[in-house]
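Q:
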Amino acid sequence: MSASRSTVDDAEIARFSAMAAEWWDPTGKFRPLHKFNPVRLTYLKASLARQFGRDANAPDALSGLDVLDIGCGGGLLSEPLTRLGAKVTGVDASATNIGVARSHAEVMGLAIDYRADTAEALVEAGEHYDVVLAMEIVEHVADLDLFVGACAGLVKPGGLLVMATLNRTAKSFALAILGAEYVLRWLPVGTHDWSRFVKPEELSAAIEAHGLKIRDETGVTFNPLADRWSLAPGDMSVNYMLLAERPGAAG
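Take a look at the structure:
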């Protein structure tokens, strides 16, 4: 891996660092992620339980699993995964975000290994995990193929990579850019760059080029009347998630 290449976009890191104090405010700038979290957790718990032979309804359904949350931000996903029994490592290129995440986890009494680091640095350190998550970060990285390769390289044989991002469609431009940023003001203007959105077939191809196999895909849609996100396997036109496995026996 060339030392001159990096997945980190300094402007994107600065943008999210500036909002870091609001990570745990459910009515603040990260309100969409707070609303999105339940459907992400439902999908992850069911998928991981199925892959690793666990009872998805058990309070410790993820006990013993090493989970890496790349682009963890303030820890909105790392904390509930820890409560489900997972041993979570949360990584973010923003030291400011990691500071917020560590402080909140300490208040909550949760042991989470938070690091201000990058996926490619973990690869160079020779680390591997049962589950690698890259949720709502793909559209913010500087080098997509390098990032996907790093994520894939961190997955143990029999382990899973789960990525969530935004499709590059006219509908996503209307809803995720114009609607979310300009009309509803859910997000600060400039949070997303539509040209960086990634079509599912593009992301799938990148993942499989690095030795993993796509095992599942699903869309996620928002119902404005119910103010709720739901899984929508037949609609990947805006938000979607891909789940891939590294072939081989789980450790």
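Start counting the sequence shown at -18; every next residue gets the next number (this note's numbering). Quick reminder that beta carbons are idealized off the backbone N, C-alpha and C, glycines included. A quick note: this is a predicted structure, and the numbers were derived from the prediction, not measured.
Ordered along the chain, which non-local residues of its own chain (more than five positions away) have a Cβ less than 6 Å from that of proline 214?
A: Thr199
Q: Look at histidine 191 and glycine 130 and say whether their C-beta atoms are less than 8 Å apart.
A: Yes; because the gap between Cβ atoms is below 8 Å, this pair is in contact.
Q: Expressed to the nearest angstrom, what Euclidean distance is found between the alpha-carbon atoms of glycine 107 and lysine 26?
A: 27 Å
Q: What ranges does the beta strand (DSSP E) occupy inside the region 87 to 123, keeping only unbroken runs of at least 3 residues that lie completely in it?
A: 94 to 97 and 110 to 116
Q: DSSP three-state label for aspartate 174, please.
A: coil
Q: Closer than 6 Å by C-beta to lysine 68: which residues in its own chain qualify, once you throw out the five before and the five after it? Chain order, please.
A: Contacts found: Asp47.
Q: Excluding the 5 residues flanking lysine 194 on each side, which residues of the same chain have their C-beta closer than 7 Å to its C-beta?
A: Ala225, Glu226 and Pro228
Q: Quick test of the definition: if touching needs 3 or more C-beta pairs under 8 Å, does the region 55 to 66 touch the region 81 to 95?
A: yes
Q: How far does the alpha helix (DSSP H) with glycine 71 in it reach, from first residue to last?
A: Where glycine 71 is concerned, there is no enclosing alpha helix (DSSP H), although the beta strand (DSSP E) it sits in stretches over 68 to 73.
Q: Can you name, in chain order, every residue of its own chain whose Cβ lies under 6 Å from the Cβ of tyrosine 233, other than the five neighbours on each side?
A: Not covered by the structure: residue 233. The range shown for the chain is -18 to 232.
Q: Going by DSSP in three states, alanine 213 sits in which element: helix, strand or coil?
A: The answer is strand: DSSP assigns alanine 213 an E or B state.
Q: Going by Cα to Cα distance, which pick from Thr(-12), Phe11, Leu22 and Ala2 is closest to alanine 211?
A: It should be pointed out that residue 211 corresponds to serine in this sequence rather than to alanine. Closest option to serine 211, Cα to Cα, is Leu22.
Q: Give the DSSP-derived three-state secondary structure of valine 164 in the structure shown.
A: Confidence at valine 164 is low in this model, with a pLDDT of 39, below 50, so the placement of that residue should be treated as unreliable; the coordinate-derived value is given next. Secondary structure of valine 164 (DSSP, three-state): helix.
Q: Do you know whose CA, among Val136, Leu156, Leu14 and Ala230, lies nearest methionine 116's CA?
A: Leu14
Q: Using a 10 Å radius around the Cβ and a threshold of 16 neighbouring Cβ atoms, would you call proline 181 buried or exposed?
A: buried
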